[in-house]
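Undergrad: Keeping their order, the protein sequence lines are chains F and Z.
Just add 1442 to the spot in the first sequence (first one is 1) and you have the working numbering.
Just add 17 to the spot in the second sequence (first one is 1) and you have the working numbering.
Here you go, one structure.
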Amino acid sequence: DIQMAQSPSSLSASVGDRVTITCRASQSISNYLNWYQQKPGKAPKVLIYAASSLQSGVPSRFSGSGSGTDFTLTISSLQPEDFATYYCQQNYRTPWTFGQGTKVEIK
Amino acid sequence: QVTLKESGPALVKPTQTLTLTCTFSGFSLSTSDMRVSWIRQPPGKALEWLARIDWDGDKFYSTSLKTRLTISRDTSKNQVVLTMTNMDPVDTATYYCARTTYYYGSESYYYWFDPWGQGTLVTVSS
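Structure (structure tokens):
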């Protein structure tokens, strides 16, 4: 199975901050990488697919980059509604796998 | 509008078999390129993909759980069913179903989960 490792596990940031979350795959997955946002008690919501494509309706402050084994999710200016947990997920090969999550908290 | 909703028991005993049903609307699993997945999340922990079933009947499973899982569909009822045998307290989790959406670009298929159901919490305890 392909292992996905996210860093950091958690971070504290202020409204307006630029935030970057990293995801690393245990082998090359090209650009078969998705990012999800999950708020407490809610189902996850897709933000980015194919490493850098913004899902319809997602604010443009979210962006994704990377290819191969290293990927990043960037929030250009953190908003109050962005405090949540973020997960990466590879769809290069089944079984599909998720990272362990990054919790973004208010500073 | 695509919606999915999970249903099943909230409490199961160790060693029992869990049966969960995902009832969806807004698409048909008999239509080409439609897929539905199950994902779970133990309390306070990460997401874990469990299984997927495709419009053509193909099935895919988590490596670690494949001996315990069976996914099936009833296209006439717009339902996907997941069974998990030999339940253990470590299987306590919120279980989600989600449509597996795709994009075809650069001669490749890209898949992601959208939308998700609301999830159903299953507790395994005697």
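Beta carbons: idealized from backbone N, C-alpha and C, even for Gly.
No experiment lies behind these values; they were computed from the predicted model shown.
#1: Determine the contact status of Arg90 (chain Z) and Leu46 (chain Z), defining contact as a CB-CB distance below 7 Å.
#2: With Ile1444 (chain F) as the anchor, note down where its beta strand (DSSP E) starts and where it stops.
#3: Would you identify the three-state DSSP class for Val107 (chain Z), choosing helix, strand or coil?
#4: Using a beta-carbon distance cut-off of less than 9 Å, what residues from the segment 120-142 of chain Z approach chain F?
#5: My output table needs one value for Pro132 (chain Z): the three-state DSSP class, helix, strand or coil.
#6: What's the C-alpha gap between Leu1496 (chain F) and Pro31 (chain Z)?
#7: State the beta-bridge partners of Lys76 (chain Z) as determined by DSSP.
#8: Which chain F residues are close to Glu66 (chain Z), counting only those with a beta carbon under 9 Å from its beta carbon?
#9: Identify whether Glu156 (chain Z) lies in helix, strand or coil by the three-state DSSP scheme.
#10: Just to confirm my understanding: we take Ser1549 (chain F), look at its own chain, exclude 5 residues before and 5 after, and list those with CB closer than 7 Å. What are they?
#11: Can the beta-carbon of Gly1483 (chain F) be found closer than 7 Å to that of Ala1493 (chain F)?
#12: Give me, in chain order, the residues of the same chain whose beta-carbon lies closer than 7 Å to that of Ala1467 (chain F); leave out the 5 immediate sequence neighbours on both sides.
#13: State buried or exposed for Tyr1474 (chain F), treating a residue as buried only when at least 16 other CB atoms are found within 10 Å of its CB.
#14: Nearest chain F C-beta to Thr87 (chain Z) closer than 7 Å, yes or no?
#15: Where Arg1503 (chain F) and Ser1518 (chain F) are concerned, what is the direct C-alpha to C-alpha distance, given to the nearest angstrom?
#16: Does the CB of Phe77 (chain Z) have a neighbour CB from chain C at under 7 Å?
#17: DSSP has Met101 (chain Z) in a bridge; who is on the other side?
#18: Along chain Z, in chain order, which residues have C-beta atoms closer than 7 Å to that of Tyr1474 (chain F)?
#19: Using 10 angstroms around the beta-carbon of Val107 (chain Z), count the other beta-carbons present and answer buried if the total reaches 16, otherwise exposed.
#20: Leaving out five residues on either side along the sequence, give the residues of the same chain with a beta carbon under 6 Å from the beta carbon of Thr1514 (chain F).
TA: Quick look at the numbers:
#1: yes
#2: From DSSP, Ile1444 (chain F) is part of no beta strand (DSSP E); its letter is neither H nor E.
#3: helix
#4: Under the 9 Å Cβ criterion, the segment 120-142 of chain Z contributes Tyr120, Gly122, Ser123, Ser125, Tyr126, Tyr127, Tyr128, Trp129, Phe130, Asp131, Pro132, Trp133, Gly134, Gln135, Gly136.
#5: Reduced to three states, the DSSP call for Pro132 (chain Z) is strand.
#6: 42 Å
#7: Z:Ile70
#8: Checking the sequence, you will find Trp at residue 66 (chain Z) rather than Glu. Neighbours of Trp66 (chain Z) on chain F, chain order: Gln1531, Thr1536, Pro1537, Trp1538, Thr1539, Phe1540.
#9: Chain Z is shown from 18 up to 143; residue 156 (chain Z) falls before or after that span and cannot be answered.
#10: According to the sequence displayed, residue 1549 (chain F) carries Lys and not Ser. These residues qualify, in order along the chain: Ser1454, Ala1455, Ser1456.
#11: Gly1483 (chain F) places its beta carbon 7 Å or farther from that of Ala1493 (chain F).
#12: Ile1444, Met1446, Thr1511, Gln1532
#13: buried
#14: no
#15: A direct Cα-to-Cα measurement between Arg1503 (chain F) and Ser1518 (chain F) gives close to 5 Å.
#16: Among the protein chains in the structure shown, which are F and Z, there is no chain C.
#17: Among the bridge pairs identified by DSSP, Met101 (chain Z) is matched with Z:Leu35, Z:Leu86.
#18: Tyr127
#19: exposed
#20: Contacts found: Thr1462, Thr1464, Ser1507, Gly1508.
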